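Step one of this worksheet: look at the structure below.
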Amino acid sequence: MSLSTILGIESSCDDTAAAILCNGKILANITATQTVHAQYGGVVPELASRAHQSNIIPVIEMALAKAHITMDELSAVAVTQGPGLMGSLLVGLNVAKGLCIAKDLPLIGVNHLQAHIAALFIDRDVSLPMLCLLVSGGHTQIVYVTTPMTMEIIGSTCDDAAGEAFDKGAKLMGLPYPGGPFIDQHAKNGNPLAFGFPDSQTKEFDFSFSGIKTSLLYFLQKHIASDPLFLETHLPDVCASYQRQIIMSLLKRFEKAIQRFKPVSIGLTGGVSANSELRQKFLVLEQKYAITAIIPELEFCTDNAAMVAMAGYHQYLNRDFTSLCALPYNRVKQS
Ligand SMILES: Nc1ncnc2c1ncn2[C@@H]1O[C@H](COP(=O)(O)OP(=O)(O)OP(=O)(O)O)[C@@H](O)[C@H]1O
Ligand SMILES: [Mg+2]
């Protein structure tokens, strides 16, 4: 295996992050999460770009310092090229290009979703093929992974992502943004069988989460009309029941895919993989199907640069470099 030290940069949404990966091992993983968006209940793209501009150089310097690495020791710079917010991607990509030009390094443009999958390869050997449930703020997919660089999307959401179902549901319940972690916390004190929410009809491995959010809206309107304090008294039960249905929708399709594709291992990744109930239920599949189940450490679930560096490392080994003229992209590009 060739010697390599890779700087990973992530700026696709509202986290500015840098990581150093040396010969496949993470030496530093720094993330500056932007708090400015909380007051708006969602990410404001222009504010995100500006915050990336302020944060990106300090975050890279912190990562280099933590790893005890200088710019001169780098072998390549890996950066999220897409999909994501255009202005946010431009900040990371242009900083990466500048560093590559200044230090004569190869640029590695990384697909953000492949990076979420690369998080599964951090600090472990993965037996392939792996069936991966990718659940993030903007995407929900079942991906069949044959090598760290070769993957096929088996199913995806027709409308909202699982993360959006959590965030939009949380907003309806008056919880802060991003709502996923708050629903997770409240659900721990609630009864998941207290209320029922419907699953959507979809093609076999596809998902749909816009219906459950609308059913939560009508459910809350109905109950609050007859009891204005309904949410104050029933919040944990509503969170637990709503979360249960999202997880059931995810795992029902994923289990069908396990039975069809018979992978050697299964992986759970993306921001929603931080959900405690989902993690627990996913691990149950390990025994049920006598299969290896992999879930990244919490710091590698939501957006981070370690996963970008890891995806970049796989590309580096394949000499899969990117032109310095490359532009960010917003379409899902995954092969
Ligand atoms: N404990 C949790 N339970 C449920 N959802 C969670 C939890 N922690 C984070 N999330 C959700 O994860 C999402 C953020 O994940 P991530 O950072 O991967 O998304 P993104 O990068 O914005 O989207 P994408 O990766 O699709 O471009 C948010 O929707 C957030 O609510
Ligand atoms: Mg993400």
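Residue numbers (the working numbering): 691 to 1025.
Each residue gets a CB set at the ideal place from its N, CA and C atoms; glycine is no exception.
What you are looking at is a predicted structure, and each value in this text was computed from that prediction instead of being measured.
Checking 8 Å against the spacing of the C-beta atoms, do I807 and C822 come in under that value?
Counted from its first residue, the sequence shown places residue 807 at position 117. Counted from its first residue, the sequence shown places residue 822 at position 132. Contact flag set, yes.
Pairwise C-alpha distance: M839 and S1025
To locate residue 1025, count along the sequence shown from 1; it is residue 335. To locate residue 839, count along the sequence shown from 1; it is residue 149. Note that S1025 scores 39 on pLDDT, short of 50, meaning its location in the model is unreliable; the coordinates nonetheless yield the value given after this. If I take the Cα positions, the gap works out to 8 Å.
Between which residues of its own chain and G698 is the CB-CB distance below 6 Å, once the five residues before and five after are set aside?
Against the sequence shown, residue 698 aligns to sequence position 8. Around G698: A709, A768, A995, V998, A999, G1002.
Pairwise C-alpha distance: D794 and L968
The residue given as residue 968 occupies position 278 in the sequence shown. The residue given as residue 794 occupies position 104 in the sequence shown. Cα-Cα distance, rounded: 44 Å.
Apply the 10 Å Cβ neighbour rule to L675 and answer buried if 16 or more other Cβ atoms are within range, or exposed otherwise.
Since the first residue of the chain shown is 691 and the last is 1025, residue 675 is not available in this structure.
Should G957 and T992 be called a contact, given that it needs their Cβ atoms to be closer than 8 Å?
Here residue 957 refers to the residue found at position 267 when the sequence shown is read from its first residue. Here residue 992 refers to the residue found at position 302 when the sequence shown is read from its first residue. Not in contact: G957 and T992 (Cβ atoms no closer than 8 Å).
When you compare only the Cα positions, how much space is there between I981 and P748?
The residue given as residue 981 occupies position 291 in the sequence shown. The residue given as residue 748 occupies position 58 in the sequence shown. Whole-angstrom Cα-Cα distance: 42 Å.
Continuous beta strand (DSSP E) stretch holding G957: start and end:
Here residue 957 is taken as the residue at index 267 of the sequence shown, counted from 1. 955 to 959 is the span of the beta strand (DSSP E), which, as asked, contains G957.
Is there at least one non-hydrogen atom of ligand 1 closer than 7 Å to the beta-carbon of A709?
Residue numbering aside, residue 709 sits at position 19 when the sequence shown is read from its first letter. A709 Cβ: outside cutoff for every heavy atom of ligand 1.
Cβ distance (whole Å) where P796 is taken to contact F1011 below 8 Å
Here residue 796 refers to the residue found at position 106 of the sequence shown. Here residue 1011 refers to the residue found at position 321 of the sequence shown. 4 Å between Cβ atoms; contact.
Beta-carbon contacts of S939 that lie in its chain and below 6 Å, excluding the five residues immediately before and after
As a first step, residue 939 must be located in the sequence shown, where it is residue number 249. Correct list, in chain order: D889.
Quick one: is V928 buried, meaning 16 or more other Cβ sit within 10 Å of its Cβ, or exposed?
Stepping through the sequence shown from its first residue, residue 928 is reached at position 238. It counts as buried.
Could you tell me which residues DSSP puts in a beta bridge with N745?
Position 55 of the sequence shown, counting from 1, holds the residue named residue 745. N745 pairs with nothing; no bridge assigned.
Give me every residue whose Cβ sits closer than 5 Å to any heavy atom of ligand 1, in chain order.
C703, S826, G827, G828, H829, G853, F856, D857, P868, G870, P871, D874, G960, G961, V962, A964, N965, T992, D993
Taking S966 as the reference, give the member of H876, T770, Q743 with the closest Cα.
Position 276 of the sequence shown, counting from 1, holds the residue named residue 966. That would be H876, whose Cα lies nearest to the Cα of S966.
Following the continuous beta strand (DSSP E) through S846, name the residue where it begins and the one where it ends.
Within the sequence shown, numbered from 1, the residue matching residue 846 stands at position 156. Unbroken beta strand (DSSP E) run through S846: 840 to 846.
Any heavy atom of ligand 2 within a distance shorter than 7 Å of the CB on H806?
Within the sequence shown, numbered from 1, the residue matching residue 806 stands at position 116. Yes; taking the cut-off as 7 Å, the Cβ of H806 has a heavy atom of ligand 2 nearer than that.
Would you be able to state if there are at least three C-beta pairs under 8 Å between the segment 735 to 753 and the segment 802 to 819?
no
What separation, rounded to the nearest whole angstrom, lies between the Cα atoms of M691 and F920?
The residue you call residue 691 lines up with position 1 of the sequence shown. The residue you call residue 920 lines up with position 230 of the sequence shown. Caution is warranted here: a pLDDT of 43 is assigned to M691, below 50, making its placement in the model unreliable, and no coordinate value can be reported.
Do F885 and F856 have their CB atoms nearer than 8 Å?
For this step, residue 885 is matched to residue 195 along the sequence shown. For this step, residue 856 is matched to residue 166 along the sequence shown. The answer is no: Cβ separation not under 8 Å.
In terms of residue numbering, what span does the alpha helix (DSSP H) encompassing K912 cover?
Along the sequence shown, read from residue 1 onward, the residue named residue 912 stands at position 222. Element bounds for K912: 900 to 916.
Anticipated Cβ contact below 8 Å, F899 with A851, distance rounded:
Locating residue 899 in the sequence shown gives position 209, counting from the first residue. Locating residue 851 in the sequence shown gives position 161, counting from the first residue. Contact holds; Cβ gap of about 7 Å.
Residues near T892 by beta carbon distance below 7 Å, same chain, minus five either side:
As a working note, residue 892 is residue 202 in the sequence shown. Result list for T892: C848, S898, in chain order.
With burial defined as no fewer than 16 other Cβ atoms inside 10 Å of the residue's Cβ, what is the status of H1004: buried or exposed?
As a first step, residue 1004 must be located in the sequence shown, where it is residue number 314. Result: buried.
Determine the direct distance from the alpha carbon of I948 to that of Y979, and round the result to whole angstroms.
Counted from its first residue, the sequence shown places residue 979 at position 289. Counted from its first residue, the sequence shown places residue 948 at position 258. Rounded to whole angstroms, Y979 to I948 spans 8 Å at the Cα level.
State the Cα-Cα distance for the pair A755 and I720, rounded to the nearest angstrom.
The residue given as residue 755 occupies position 65 in the sequence shown. The residue given as residue 720 occupies position 30 in the sequence shown. Cα-Cα distance, rounded: 11 Å.
H727 vs G772 beta-carbon contact at 8 Å
Looking up residue 727 in the sequence shown gives position 37. Looking up residue 772 in the sequence shown gives position 82. Contact flag unset, no.
Please name the residue, chosen from D762, V734, E700, F951, that lies closest to E842 on a Cα-to-Cα basis.
Within the sequence shown, the letter at position 152 stands for residue 842. Residue F951 is the option with its Cα nearest to E842.
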